[in-house]
Amino acid sequence: MSTNLNGGGRGRQALSSVDFYRRVPKDLTEATTLGAIMSIFAMAVMATLFLSETSAFLQSNLATSIAVDENTQKQIRLNFNITLLDLHCDYVSVDVWDALGTNRQNVTKNVEKWQLDAEGNRRIFSGRNRDMREVRHDEHEQTLEEMHEEHGVHALALTEENFEQFLKENEMAIIDLFAPWCVWCQRLAPTWEKFAQEVRKEGMPVGVASVDCVAHANLCRNQRIMAFPTIRWYQAGKAVTPDYKMDRTVSALMGFAKRKLEMDAKFKEWDKKVGDSEEDKAARAARMINAHSRPEHPACQVSGFLMVNRVPGNFHIEARSKNHNLNAAMTNLTHTVNHLSFGEPISQMSWKTKRILKQVPEEHKQFSPMDGKNYKTTVFHQAFHHYIKVVSTHLQMGATQANALMAYQFLEQSQIVFYDEHNVPEARFSYDLSPMSVVVEKEGRKWYDYLTSLCAIIGGTFTTLGLIDATLYRVFKSKKL
Numbered sequence: 000m001s002t003n004l005n006g007g008g009r010g011r012q013a014l015s016s017v018d019f020y021r022r023v024p025k026d027l028t029e030a031t032t033l034g035a036i037m038s039i040f041a042m043a044v045m046a047t048l049f050l051s052e053t054s055a056f057l058q059s060n061l062a063t064s065i066a067v068d069e070n071t072q073k074q075i076r077l078n079f080n081i082t083l084l085d086l087h088c089d090y091v092s093v094d095v096w097d098a099l100g101t102n103r104q105n106v107t108k109n110v111e112k113w114q115l116d117a118e119g120n121r122r123i124f125s126g127r128n129r130d131m132r133e134v135r136h137d138e139h140e141q142t143l144e145e146m147h148e149e150h151g152v153h154a155l156a157l158t159e160e161n162f163e164q165f166l167k168e169n170e171m172a173i174i175d176l177f178a179p180w181c182v183w184c185q186r187l188a189p190t191w192e193k194f195a196q197e198v199r200k201e202g203m204p205v206g207v208a209s210v211d212c213v214a215h216a217n218l219c220r221n222q223r224i225m226a227f228p229t230i231r232w233y234q235a236g237k238a239v240t241p242d243y244k245m246d247r248t249v250s251a252l253m254g255f256a257k258r259k260l261e262m263d264a265k266f267k268e269w270d271k272k273v274g275d276s277e278e279d280k281a282a283r284a285a286r287m288i289n290a291h292s293r294p295e296h297p298a299c300q301v302s303g304f305l306m307v308n309r310v311p312g313n314f315h316i317e318a319r320s321k322n323h324n325l326n327a328a329m330t331n332l333t334h335t336v337n338h339l340s341f342g343e344p345i346s347q348m349s350w351k352t353k354r355i356l357k358q359v360p361e362e363h364k365q366f367s368p369m370d371g372k373n374y375k376t377t378v379f380h381q382a383f384h385h386y387i388k389v390v391s392t393h394l395q396m397g398a399t400q401a402n403a404l405m406a407y408q409f410l411e412q413s414q415i416v417f418y419d420e421h422n423v424p425e426a427r428f429s430y431d432l433s434p435m436s437v438v439v440e441k442e443g444r445k446w447y448d449y450l451t452s453l454c455a456i457i458g459g460t461f462t463t464l465g466l467i468d469a470t471l472y473r474v475f476k477s478k479k480l
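Counting in numbering that gives the first Met the number 0, the sequence shown runs from 0 upward without gaps.
Rendered as structure tokens:
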């Protein structure tokens, strides 16, 4: 019995020998006013540091890093919405080229065009996924020169001096504005002469003429001729838009002229029944012309998306037509980039994706930096070329895959490129994908890091202020002595 008690006491003594927190008897301690002040100050410091550390623990930081892009997608989606401010939709062509040899011209898949009015509002839908229709031409046994030798000249050749006079003499007229070097104009020339013969043969009150836009460039410039050949109807000295764009055959041209005459005859019959003054009749005539003339504002909004290879390349918007030769001297590629981005459009992303993007600061949201920018050219024979560097961006806003997103940021540099007088300008967007990617991660502190900091705050504050208290106590005590 005695042995067990002694053995238990020795065990407790051995355990007590490793006690780090030995107690000082209360009778040996002394409470002082200085110690109370330091204790209150210590508690205030520890409380302040505790709240600051807890706030820091609850918050997260964004960390960025650079890594080799491991994206294995073969193609990337390119979204665009561009307004050409001085180019008709009939002449807008979207082409794609890349370093792998891809060369697609006049891409229409997933591309739509809208003709705009003077205020920039959509007015006429010009097609989606639609190829341009090829017009038909007549074949003639005789050349234009042989027709002139055998039957004489029926289509009058106009100049700057007699153009206005011709319109005054002919209430209704149809004029072919052409360039001698234009292939389509050369095919139309004998048909146009034959058409003029038929008009005179049937006694139709329509003047048929033509204008050489090379010899009379100022005249065609004033008429804003953008492509050759342009077949334009004039009534009462004014152009009636839109221009004729159907088949270039004698029968099709005769049908067009007869329809115009029928509309005018119906108006004149109605006009005779209404016995108004000459001013009222003139006003009605002007309204009739405006009713048959649809305003042609040369602005086109082209939008859609392209699937392009993940290699350096470009897509460009060029003035081109299957049925015309473009007038390089009148081609203006001034444009506004309404939207340009790579990858899945943000507007079509799920709410989860948009929730992730809300957590990303603006400096990491360079997904469409060109949006809303206008690129204006003030003279002909020049156009803007844009050089784009695309960088894959991996956003990791949480520990799970549901909080991960891959997007594409890009930087762009634009400059004006000058063209030769005979080359048609193009608005070019050259892109190149970086082999490196940006990784944006949300980083938070670990729980054990937080606990370690709390222990350091409590222990450090207690020890530091304890040393200060002991020092001050010795100083003040020695002065009393």
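For glycine and all other residues, C-beta sits at the position ideal for the given N, C-alpha and C.
Please read these numbers as outputs of a predicted model, since none were measured by experiment.
Cβ pair residue i, residue j closer than 8 Å
{"i": "Gln300", "j": "Thr158", "result": "no"}
{"i": "Ala327", "j": "Phe383", "result": "no"}
{"i": "Leu61", "j": "Val439", "result": "yes"}
{"i": "Phe428", "j": "His380", "result": "no"}
{"i": "Ala172", "j": "Ala214", "result": "no"}
{"i": "Leu176", "j": "Pro241", "result": "no"}
{"i": "Asp137", "j": "Asn331", "result": "no"}
{"i": "Tyr374", "j": "His315", "result": "no"}
{"i": "Pro434", "j": "Asp68", "result": "yes"}
{"i": "Tyr90", "j": "Ser320", "result": "yes"}
{"i": "Arg473", "j": "Phe56", "result": "no"}
{"i": "Ala256", "j": "Val198", "result": "yes"}
{"i": "Leu394", "j": "Ile456", "result": "no"}
{"i": "Asn109", "j": "Phe304", "result": "yes"}
CB-CB length for residue i against residue j, believed under 8 Å
{"i": "Leu33", "j": "Asp468", "result": "7 Å"}
{"i": "Asp370", "j": "Leu325", "result": "Incorrect: roughly 29 Å between the Cβ atoms, too far for contact."}
{"i": "Gln358", "j": "Met329", "result": "Actually they are not in contact, since the Cβ atoms of Gln358 and Met329 sit about 50 Å apart, beyond 8 Å."}
{"i": "Asn422", "j": "Glu133", "result": "Not really, about 24 Å apart at Cβ, beyond 8 Å."}
{"i": "Thr142", "j": "Pro189", "result": "7 Å"}
{"i": "Gln114", "j": "His150", "result": "Gln114 to His150, Cβ: 40 Å. No contact."}
{"i": "Val210", "j": "Ile174", "result": "6 Å"}
Proximal residues to residue i (C-beta, below 6 Å), its chain only, five neighbours per side dropped
{"i": "Phe194", "result": "Val249 and Leu252"}
{"i": "Leu4", "result": "Summary for Leu4: the model assigns pLDDT 47, below 50, so the residue's position carries little reliability; its value from the coordinates is reported in the next sentence. Taken in chain order, the list of residues that qualify is empty."}
{"i": "Val336", "result": "Ile81, Met369 and Lys372"}
{"i": "Pro344", "result": "Asn78"}
{"i": "Met245", "result": "Ala251"}
{"i": "Ile387", "result": "Phe409, Glu411 and Tyr430"}
{"i": "Ser92", "result": "Asn105, Glu317 and Arg319"}
{"i": "Asn169", "result": "Gly206"}
Chain-order list of residues whose beta-carbon lies under 8 Å from that of residue i (same chain, five-residue window excluded)
{"i": "Asn70", "result": "Arg309, Ser391, Met405 and Ser436"}
{"i": "Glu163", "result": "Gly236"}
{"i": "Ile288", "result": "Low confidence applies to Ile288: its pLDDT is 49, below 50, so where it sits in the model is not reliable, and the reading given next is rough at best. Gln234, Ala235, Lys237 and Val239, listed in sequence order."}
{"i": "Phe165", "result": "Leu155, Leu157, Ala172, Gly206 and Ala208"}
{"i": "Leu480", "result": "Only weak support exists for where Leu480 lies, its pLDDT of 47 falling under 50; the value from the coordinates is given anyway. There are no such residues."}
{"i": "Asn120", "result": "none"}
{"i": "Thr462", "result": "none"}
7 Å CB neighbourhood of residue i in its chain, flanking five on each side removed
{"i": "Ala290", "result": "With a pLDDT of 48 at Ala290, under the threshold of 50, the predicted position of this residue should be treated as unreliable, and no value is reported."}
{"i": "Arg103", "result": "Asp94 and Val95"}
{"i": "Ala98", "result": "Val310, Pro311 and Gly312"}
{"i": "Glu442", "result": "Ser59, Asn60 and Ala62"}
{"i": "Ile230", "result": "Ile173, Asp175, Asp242 and Tyr243"}
Minimum Cβ-Cβ distance from residue i to chain D less than 8 Å
{"i": "Phe341", "result": "Note that chain D does not occur in the displayed structure, where there is just one protein chain."}
Minimum length 3: unbroken beta strand (DSSP E) runs contained in the segment 344-395
The DSSP assignment places complete beta strand (DSSP E) segments of no fewer than 3 residues inside the segment 344-395 at 372-374 and 381-395, in order along the chain.
Touch check for the segment 353-369 and the segment 37-44: three-plus C-beta pairs under 8 Å?
A contact between stretches requires three or more CB pairs, one per stretch, nearer than 8 Å, and the segment 353-369 fails this requirement with the segment 37-44.
On the three-pair Cβ rule with 8 Å, is the segment 450-457 touching the segment 399-414?
No, because fewer than three Cβ pairs between the segment 450-457 and the segment 399-414 fall closer than 8 Å, the two stretches do not touch.
Runs of beta strand (DSSP E) lying entirely within the segment 398-472, each at least 3 residues, in chain order
Listed in chain order, the beta strand (DSSP E) elements of length 3 or more contained wholly in the segment 398-472 are 403-417 and 425-442.
Just list the beta strand (DSSP E) runs in the segment 164-247, keeping only unbroken ones of 3 residues or longer that don't cross its boundaries, in chain order.
Counting only runs that start and end inside the segment 164-247, the beta strand (DSSP E) elements of at least 3 residues fall at 171-177, 206-211, 229-234 and 237-243.
For the segment 32-57, list the alpha helix (DSSP H) runs that are entirely contained and at least 4 residues long, ordered along the chain.
Complete alpha helix (DSSP H) runs here, min 4: 32-57.
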